[in-house]
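Its first residue numbered 0, the sequence shown is counted upward by one per residue in numbering that gives the first Met the number 0. Positions of the beta carbon are idealized from the N, C-alpha and C atoms, including for glycine. Everything below concerns the one structure shown next.
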Amino acid sequence: MRARLWTIGLISLVLLSLPPGPVHATPALPSYALSVHDGKVSVLISLSFQQNLTALASSFSLPQLRGSLVGLNSTAALHTIQDAISSKDSQANVNDLVLTATSNAINNATNSQWLNLTLSFDITGVVNNVPLGGERIDLSWKSFTILQDLAVGGTEINNIGAKYMAAYALQIASSQVSSRFITFTLRVDGKLAGASGFSEAIASFKTMNFSRLSAPVSTWQEAYDSSSNQVTWSYEPARNLGLSVTGIAQEPPDQGGGSATFRYGLFYSLAAQVRGPNRSTANVDTIIAIFNDSSEALMSTIIALIAIPGIGAFVYEHHLSAKTQRKKSRR
Numbered sequence: 000m001r002a003r004l005w006t007i008g009l010i011s012l013v014l015l016s017l018p019p020g021p022v023h024a025t026p027a028l029p030s031y032a033l034s035v036h037d038g039k040v041s042v043l044i045s046l047s048f049q050q051n052l053t054a055l056a057s058s059f060s061l062p063q064l065r066g067s068l069v070g071l072n073s074t075a076a077l078h079t080i081q082d083a084i085s086s087k088d089s090q091a092n093v094n095d096l097v098l099t100a101t102s103n104a105i106n107n108a109t110n111s112q113w114l115n116l117t118l119s120f121d122i123t124g125v126v127n128n129v130p131l132g133g134e135r136i137d138l139s140w141k142s143f144t145i146l147q148d149l150a151v152g153g154t155e156i157n158n159i160g161a162k163y164m165a166a167y168a169l170q171i172a173s174s175q176v177s178s179r180f181i182t183f184t185l186r187v188d189g190k191l192a193g194a195s196g197f198s199e200a201i202a203s204f205k206t207m208n209f210s211r212l213s214a215p216v217s218t219w220q221e222a223y224d225s226s227s228n229q230v231t232w233s234y235e236p237a238r239n240l241g242l243s244v245t246g247i248a249q250e251p252p253d254q255g256g257g258s259a260t261f262r263y264g265l266f267y268s269l270a271a272q273v274r275g276p277n278r279s280t281a282n283v284d285t286i287i288a289i290f291n292d293s294s295e296a297l298m299s300t301i302i303a304l305i306a307i308p309g310i311g312a313f314v315y316e317h318h319l320s321a322k323t324q325r326k327k328s329r330r
């Protein structure tokens, strides 16, 4: 018993004596941001899509719109998003939803167009209290995908592949045929799609697909943000998602043998970040957060966490390893 108390006290002293972790550059504006608060998680999703497929199919464009859902007119959207998140975690509850969507008219000079989507809400029901200020926050729902239609002002903004682009897929795929000097490749969300399967692949494209964020938070890049005194975990699964038609033109050797690459499609990138209070730790998709950062709170939180199989050892090993790495770096 005395040895265990000594161990708990030692862990507390180690945590209290640890200086802030190294400062790393993190995305200034992650497109998918989760902020851990006392009793809830705040979600802010900001997605920017750019399309230039109009250069290949002149009659194609995304609808031009500017609208938002908030308060009473967001009820249907809230239920849709709740269903998607509940499929990952039945305890998670969506609150205070705000959704905005804007798109511009086609730029005739570049055949390009933008679609910007911003979604914010709070998640409750995923927080379990630990005595004196500590909390365990479950983020296993973070990789949700909205399968249903999601409309703003009557305009679909989720299943845009099936709604707006699939009808042009055959025309686009059949017109971009590889030859001796030009090679075309078709991709949807980074995966190769043959001409025969291009329509089906495009029809399955959804803007609110976050399945790429399934990697545990504990495997994301951890850093300390000195400006906010917070711990962050950042993850960028891939750039240039969406759908693309890429052509590589190769000149004949007797004409110089040069090459040129051109890309058409609908493009976007996804970068995620989780923020928690200083001295937070991640165990798989659970954030161990301490909001009352005092020695008493740390002691009580650690005692409670040690009672959970594996968590106590994880906290100790995590911080001891971080301290050892810092000592090595000083040498």
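Please state the DSSP three-state secondary structure of residue i.
i	result
residue 283	coil
residue 26	Residue confidence is low: residue 26 scores 42 on pLDDT, short of 50, so the model does not pin down where it sits. Its coordinate-derived value is still stated next. Of the three classes helix, strand and coil, the one that applies to residue 26 here is coil, per DSSP.
residue 149	coil
residue 72	helix
residue 170	helix
residue 162	helix
residue 216	helix
residue 62	coil
residue 194	helix
residue 101	strand
residue 156	coil
residue 311	With a pLDDT of 48 at residue 311, under the threshold of 50, the modelled position of that residue is not reliable, and the figure given next carries that caveat. Three-state DSSP puts residue 311 in a helix.
residue 77	helix
residue 53	helix
residue 207	coil
List the endpoints of the continuous alpha helix (DSSP H) containing residue i.
i	result
residue 199	197–202
Ignore the nearest five residues each way along the sequence and tell me which others in residue i's own chain have a CB closer than 6 Å to its CB.
i	result
residue 210	142, 144
residue 122	40, 91
residue 34	41, 274
residue 43	32, 119
residue 284	138, 139, 215, 216
Name the two residues that bound the continuous beta strand (DSSP E) containing residue i.
i	result
residue 87	Residue 87 -> no beta strand (DSSP E), and no H or E assigned at all.
residue 184	181–187
residue 270	258–276
residue 39	39–50
residue 122	112–123
residue 336	Limits of the chain in this structure are 0 at one end and 330 at the other, which puts residue 336 out of reach.
residue 33	31–36
residue 127	126–129
residue 135	133–137
Within the same chain, show all residues whose beta-carbon is closer than 7 Å to that of residue i, passing over the 5 residues directly before and after it, in chain order.
i	result
residue 261	246
residue 162	155
residue 192	185, 186, 200
residue 238	268
residue 173	194
residue 85	91
residue 152	64, 66
With distance defined between alpha-carbon atoms, name the residue in the options nearest to residue i.
i	options	result
residue 98	67, 80, 71	67
residue 217	79, 30, 274	274
residue 119	190, 30, 170	30
residue 178	220, 249, 126	249
residue 282	134, 242, 83, 195	134
residue 75	149, 87, 89	149
residue 81	58, 194, 124	124
residue 165	233, 197, 83	197
residue 331	100, 219, 73	Since the first residue of the chain shown is 0 and the last is 330, residue 331 is not available in this structure.
residue 37	129, 175, 190, 57	129
residue 60	147, 73, 159, 83	159
residue 137	147, 126, 146	126
residue 240	47, 278, 266, 57	266
residue 243	208, 56, 188	188
residue 203	83, 168, 233	168
Ordered along the chain, which non-local residues of its own chain (more than five positions away) have a Cβ less than 8 Å from that of residue i?
i	result
residue 103	63, 112, 113
residue 236	211, 212, 214, 269, 271
residue 276	35, 228, 229, 230, 288, 289, 290, 292
Pair every Cβ in the region 98–112 with every Cβ in the region 48–61, then say whether three or more of these pairs are closer than 8 Å. yes
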